[in-house]
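In this note's numbering, the protein residues as written are 3 to 469.
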């Protein structure tokens, strides 16, 4: 990614620990539970505390005192440490060491995949970590991913992201092109033509189908086939072959993945008023407590009996497990810090409800808790809080501000909510023009120009511009 460095002030590659924490911060609580299950499958050194305690309790119940005495007598008679008699190669093979490469786990993999299907955002963010992006570049990539709808289309303009992230449009465009070439190809497109064009460029470059999508898309979409045949000097069979290729492209690359905007929302936080203050709870009671397996720690303490390959494997897994446990703890601490800061900043909202929102941007929270903007962004994307006024995505609390005539800073969200109410109540046969909408809002104390009304209406997906 050196070609981007000239445009960015920071070119620092993320460390493995940063990558892991970034990945976990992005996950909502339910997805985190599945991610932990996945890690437990992959790393034998990692174990759930509850499972260990149950196993130990079961062993206590089934092992009689006579069996214990017999076992102790055998160890004394042998006069050797029992660990010296272990066949290490066989031991690690049984625990998935060499077997991970040699044994067919296809059925096991299928069962696990059936249990855990990542969302589109998770899939893309995981691929983004493999692009060797700098911290700034990856933050841009994250913003693009979180700006996708369930079809996989980008719902904001690149110009908007350029302004928001204070990066050049050229840099945003470059990261956007990288995104569209990830799996599923075409994700992140801004319209159907762009979505199909990216796919056709990758699968059938320089084909007739590629020419049609690139240069004659409107004619193809409207079935003006004769114009295409004449313009490209094609036979009817040429056109039919091209149409066959185009019909195998995916117009909705986001379909088939877990819906990150599902109506069945499990809040990540629960906020309750208590004695003129707020009690914040992270909704993670079903997240298992993890620890290192004492069994494997014991093995590592007998390194002399391990061959080089086994020792390397075990050390790597122990280190990985420690990183994972620490990252889970850091995720929890970071999540709570961000949520407490949001409540402090939007105290009036949590106390009195809608209409009391303060203008607030990511930098406000980042400065308050002493963390990077990108970290706050990862925490707030796709996370929800339940309070007395309903369930809200954390992103809901962030909006720019507009200064009124009396110097008060007004949240753009308040303005959008008022605009949406006016449009919803208007006579659909006689819609209100943007000019009149602007004047109505100004009379209510919202200093909004006609062009701003048009932009907000577009963001609200209200009917197209009025004259």
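A virtual CB, placed ideally from N, CA and C, is assigned to each residue, including glycine.
Assign residue i to one of two classes, buried (16 or more other C-beta atoms within 10 Å of its C-beta) or exposed (fewer than that).
i           : result
residue 145 : buried
residue 354 : exposed
residue 480 : The first residue shown for the chain is 3 and the last is 469, placing residue 480 beyond what the model contains.
residue 288 : exposed
residue 212 : buried
residue 139 : buried
residue 141 : buried
residue 157 : exposed
residue 321 : exposed
residue 299 : exposed
residue 134 : exposed
residue 269 : buried
residue 435 : exposed
residue 319 : buried
residue 49  : buried
residue 19  : exposed
residue 508 : The chain is shown only over 3 to 469; residue 508 falls outside these bounds and no answer can be derived.
residue 28  : buried
residue 384 : buried
residue 401 : buried
residue 304 : exposed
residue 51  : exposed
residue 130 : buried
residue 469 : Reliability of the predicted coordinates at residue 469 is poor, the pLDDT of 42 falling under 50, and the value obtained from them is presented with this limitation in mind. Burial call: exposed.
residue 331 : exposed
residue 242 : exposed
residue 281 : exposed
residue 64  : Low per-residue confidence applies at residue 64: pLDDT is 49, beneath 50, and the placement is therefore not dependable enough to give any value.
residue 99  : Interpretation of residue 99 is limited by its pLDDT of 32, a score under 50 that renders its predicted location unreliable; no figure is taken from the coordinates.
Under three-state DSSP, which class holds residue i?
i           : result
residue 153 : coil
residue 184 : coil
residue 192 : coil
residue 293 : strand
residue 112 : With a pLDDT of 39 at residue 112, under the threshold of 50, the predicted position of this residue should be treated as unreliable, though the coordinate-derived value follows. DSSP places residue 112 in helix when its eight states are reduced to three.
residue 240 : helix
residue 279 : strand
residue 121 : strand
residue 352 : helix
residue 274 : strand
residue 439 : helix
residue 169 : coil
residue 206 : coil
residue 434 : coil
residue 392 : strand
residue 373 : coil
residue 458 : helix
residue 48  : strand
residue 332 : helix
residue 473 : Nothing can be reported for residue 473: it is not among the residues displayed for the chain, which extend from 3 to 469.
residue 2   : Outside the shown range of the chain (3 to 469) lies residue 2, about which nothing can therefore be said.
residue 338 : helix
residue 387 : strand
residue 251 : coil
According to the Cβ coordinates, are residue i and residue j closer than 8 Å?
i           : j           : result
residue 23  : residue 329 : yes
residue 292 : residue 337 : no
residue 187 : residue 120 : no
residue 271 : residue 341 : yes
residue 155 : residue 191 : yes
residue 295 : residue 47  : yes
residue 26  : residue 333 : yes
residue 45  : residue 312 : no
residue 339 : residue 363 : no
residue 267 : residue 162 : no
residue 459 : residue 437 : no
residue 38  : residue 290 : yes
residue 31  : residue 286 : yes
residue 450 : residue 417 : yes
residue 171 : residue 184 : no
residue 143 : residue 167 : no
residue 462 : residue 422 : yes
residue 236 : residue 210 : yes
residue 230 : residue 219 : no
residue 326 : residue 41  : yes
residue 199 : residue 253 : no
residue 378 : residue 367 : yes
residue 174 : residue 164 : yes
residue 420 : residue 439 : no
Would you call the segment 243-253 in contact with the segment 207-221, where contact means no fewer than 3 C-beta pairs closer than 8 Å? yes
Using 8 Å as the Cβ pair cut-off and three pairs as the minimum, do the segment 267-281 and the segment 343-354 touch? The answer is yes - the segment 343-354 touches the segment 267-281, with three or more Cβ pairs under 8 Å.
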